[in-house]
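Participant:
Structure below.
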């Protein structure tokens, strides 16, 4: 089932004219070059054969790039879909956004970036690029980095205020009495993940508390990975008095919650769990997840604005998008697992009927 | 901040050779055409200037399409990310998958499809295309339709067994005593949504029950839309004795649950809620959602297999992927809202302390 597509040559043969005459008509450049009669006959033939010029050829010929390439990691995380929507909306008047994701694998390598660069694009946005990609990256067109707080290439950046995000979360946990906090990290080396862990650790230490890393980091941002890495680390964490777990992303936190429930732990009675990102599902899960809202749509809009400024030669070095901590039922007061279980005074100790 | 990229002309000027010699070296076609000394000098200049051939030009020149374009709607729904992963994995040995989504707006129009067709692609997959798109669609390369049960173009299709999915859900609701079921639909005219509602209605009617449509359909698959459409319809549904609500997609069901909770309804005590799709978050929300698993990854794999068969001239008309009903706590026995609340015998009527 393969239908052969009409070419400019087919149109030229039907009309009895040159291929370049067809090309001029199709691209609307007939003025002073093609007489009206020939133009009409070519247009009729284009319609009859349903000829559509090849986009690759047309792009090369006209050299008017109207696409912004948005390169992003694993789109199973609904976060990137939301960023994409904000970005698309903010540049819609002038540009279309072309989404570029790794065909196989979970994160994009330099090949995906170079593929995007090899097209005739107006601009390039890299979302949460890994350190490996940034080491090999060379800018060939207006470029904006999104969530790349470790980058020093001097490119315009749009970042989250991760310091205030992590600090807010740390202060909440400290106020709830948590002094040993397990950290479920994401393995790929990316600035945004390095920085969120760093600020959380610093803030916890300032409050006299400690971060205990999971035995292994998650290789993918999936519920299954979060669950597996929690199970692996729980014995170690428990022995060290961990009363709360923070995950590098909400989806890993969902896995931690699932694992903790399977292990018979009451959340937040015996273990508090929190995440970063606050994707829309975090308010709906059981228990609702305490998380730092990364305002994905707004982040996309900011990336669009920075891109347009960059294209127009008014580059801004850094745009910072504020985050917001949402406290929900997954975090509560620390209750050490060892020793007798504390009870709030005035509560009957008789079992509930 | 714009870095000019080196062109083949720059390389040719540096070496003192023709542009076509550069092109031959870059594409590895030197044999018998370019002597080794010139080849080495060109290669050195390519490296020095960091010249990378333009992909559009190279694709046109070599005519060896290795991309399959996957056109899909709103990627905020994690379903499509999962389908994409299954698809990419299944064709990875031979093809890369290029994701094409609407730049603005929520669903793709014919323009997105034609853009994809105008590139030099090996094949095209359309996911859940609207009736409007299919009316204007003309195949120009090997094409596979995914979730397009209403299509009659004779193109290879990969579909879900929606009849068995809807029937299973209807039988479950009937067995639980539900006779009036609200239906929260998705507005865009798409075969997959028409068919899932149709089979549910037929199966409910066979059991002597009725489907009552929401006052308005959701324009987007978002939690907010599900919530708003539920609120709008609840008075009408309540007056007509509705004891269960089915949503066309899990994300709308999440909105219905949020709205029902805000309206003070106990789920499933006073209202059962179910969805279609069973995205990974449905098992985690409160209460866990009864849903029909659409096996997104498997669906993507089946689309990849159908695509490769089609490219190789072994087109299969239709591949059907089975679905699976997952019963969870969001559905329970029907309890009419009017009249005295029934209690299970043996349960104390004293209020809980």
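Residue numbers (the working numbering), protein chains in the order written: chain A, 1 to 353; chain B, 1001 to 1353.
Every residue, glycine too, gets a C-beta built ideally from N, C-alpha and C.
With residue 1324 of chain B as the anchor, note down where its beta strand (DSSP E) starts and where it stops.
Facilitator: 1324-1326
Participant: Alpha carbons only, please: which of A/275, A/157, A/193 and A/237 is nearest the one belonging to residue 321 of chain A?
Facilitator: A/157
Participant: Exposed or buried, what is residue 215 of chain A when buried is set at 16 or more other beta-carbons lying within 10 Å of its beta-carbon?
Facilitator: exposed
Participant: Check whether the Cβ atoms of residue 1100 of chain B and residue 1071 of chain B sit closer than 8 Å, and answer yes or no.
Facilitator: Yes, they are a contact pair.
Participant: How many angstroms separate the CA atom of residue 69 of chain A from the CA atom of residue 221 of chain A?
Facilitator: Each residue's alpha carbon lies about 23 Å from the other.
Participant: Hey, does residue 1062 of chain B have any beta-carbon neighbour from chain A nearer than 8 Å?
Facilitator: For residue 1062 of chain B, the predicted model reports a pLDDT of 49, less than 50, meaning its position is unreliable; a value from the coordinates is still stated below. It does not; no Cβ of chain A falls within 8 Å.
Participant: Closer than 7 Å, Cβ to Cβ, to anything on chain B: give me those residues from the stretch 31-51 of chain A, in chain order.
Facilitator: 50
Participant: With C-beta atoms as the reference, is residue 1085 of chain B less than 8 Å away from residue 1254 of chain B?
Facilitator: no
Participant: Taking the C-alpha atoms as reference points, what is the distance between residue 1248 of chain B and residue 1184 of chain B?
Facilitator: 6 Å
Participant: Output yes if chain B places a C-beta closer than 8 Å to the C-beta of residue 85 of chain A; else output no.
Facilitator: The beta carbon of residue 85 of chain A sits closer than 8 Å to some beta carbon of chain B.
Participant: For residue 1286 of chain B and chain A, any beta-carbon pair shorter than 8 Å?
Facilitator: yes
Participant: Reducing DSSP to helix, strand and coil, say where residue 161 of chain A ends up.
Facilitator: coil
Participant: Helix or strand or just coil, what does DSSP make of residue 1309 of chain B?
Facilitator: helix
Participant: What three-state label does DSSP hand residue 96 of chain A in the structure shown?
Facilitator: strand
Participant: Helix or strand or just coil, what does DSSP make of residue 106 of chain A?
Facilitator: coil
Participant: On a CA-only basis, which of B/1109, B/1242 and B/1230 is nearest residue 1269 of chain B? Give me that one, please.
Facilitator: B/1242
Participant: Please confirm whether any heavy atom of the ligand SAM lies closer than 7 Å to the CB of residue 1086 of chain B.
Facilitator: For the ligand SAM, the structure offers nothing, since it holds no ligand at all.
Participant: Going along chain B in order, which residues have a C-beta closer than 7 Å to the C-beta of residue 291 of chain A?
Facilitator: Think of a sphere of 7 Å around the beta carbon of residue 291 of chain A: no beta carbon from chain B falls inside it, the nearest being about 14 Å out.
Participant: May I ask you to list, following chain order, the residues of the stretch 1113-1124 of chain B that have a beta carbon less than 8 Å from some beta carbon of chain A?
Facilitator: 1114, 1115, 1117, 1118, 1119 and 1120
Participant: Measure how close the beta-carbons of residue 1357 of chain B and residue 1227 of chain B come, nearest whole angstrom, since I'm counting them as under 8 Å.
Facilitator: Any answer about residue 1357 of chain B is impossible in this case: the structure gives chain B only from 1001 up to 1353.
Participant: Where does residue 1299 of chain B sit, in a helix, a strand or coil, going by DSSP?
Facilitator: helix
Participant: Which residues of chain A have a Cβ atom closer than 9 Å to the Cβ of residue 1298 of chain B, listed in chain order?
Facilitator: Residues of chain A passing the Cβ test: none, with the nearest at roughly 15 Å.
Participant: Residues of chain A with CB under 9 Å from residue 1324 of chain B, in chain order?
Facilitator: Neighbours of residue 1324 of chain B on chain A: none; closest Cβ ~18 Å, over 9 Å.
Participant: Ignore the nearest five residues each way along the sequence and tell me which others in residue 46 of chain A's own chain have a CB closer than 8 Å to its CB.
Facilitator: Taking C-beta separations shorter than 8 Å and ignoring five residues to either side along the sequence, the partners of residue 46 of chain A in its chain run 11, 22, 25 and 26, following chain order.
Participant: At which residues does the alpha helix (DSSP H) containing residue 198 of chain A begin and terminate?
Facilitator: Here the alpha helix (DSSP H) through residue 198 of chain A covers 191-206.
Participant: From residue 1049 of chain B to residue 107 of chain A, what distance separates their C-alpha atoms?
Facilitator: The straight-line gap from Cα to Cα measures roughly 28 Å.
Participant: Please state the DSSP three-state secondary structure of residue 1348 of chain B.
Facilitator: With a pLDDT of only 37 at residue 1348 of chain B, under 50, the local geometry of the prediction cannot be trusted, and the value read off the model is given with reservation. The answer is coil: DSSP assigns residue 1348 of chain B none of H, G, I, E or B.
Participant: Which residue wins for smallest C-alpha separation from residue 1223 of chain B, given the options A/263, A/284 and A/232?
Facilitator: A/284
Participant: Counting only Cβ pairs nearer than 7 Å, list the residues of chain B close to residue 97 of chain A.
Facilitator: 1103
Participant: Measure from the alpha carbon of residue 1169 of chain B to the alpha carbon of each residue in B/1267, B/1239, B/1154 and B/1209, then state which is nearest.
Facilitator: Relative to the Cα of residue 1169 of chain B, the nearest Cα in the group B/1267, B/1239, B/1154 and B/1209 belongs to B/1209.
Participant: Determine, using beta carbons only, whether residue 1138 of chain B comes closer than 8 Å to chain A.
Facilitator: yes
Participant: Got a sec? Which residues, its chain only, sit under 7 Å from residue 1009 of chain B by beta carbon, not counting five neighbours each side?
Facilitator: 1019
Participant: Excluding the 5 residues preceding and the 5 following residue 1304 of chain B in the sequence, name in chain order all residues of the same chain whose CB lies nearer than 6 Å to its CB.
Facilitator: Excluding residues up to 5 positions away in sequence, 1087, 1090 and 1091 lie with their Cβ nearer than 6 Å to the Cβ of residue 1304 of chain B in the same chain.
Participant: My assumption, with CB atoms under 8 Å, is that residue 1080 of chain B sits in contact with residue 1113 of chain B. Please give the rounded CB distance.
Facilitator: The beta-carbon distance between residue 1080 of chain B and residue 1113 of chain B, rounded to whole angstroms, is 16 Å. This is too long to meet the 8 Å contact definition.
Participant: Starting from residue 1272 of chain B, follow its DSSP beta bridges and name the residues at the other end.
Facilitator: B/1244
Participant: Rounded to whole angstroms, what's the CA-CA distance from residue 1147 of chain B to residue 309 of chain A? Just pull it up for me.
Facilitator: Answer to the nearest angstrom: the Cα atoms are 41 Å apart.
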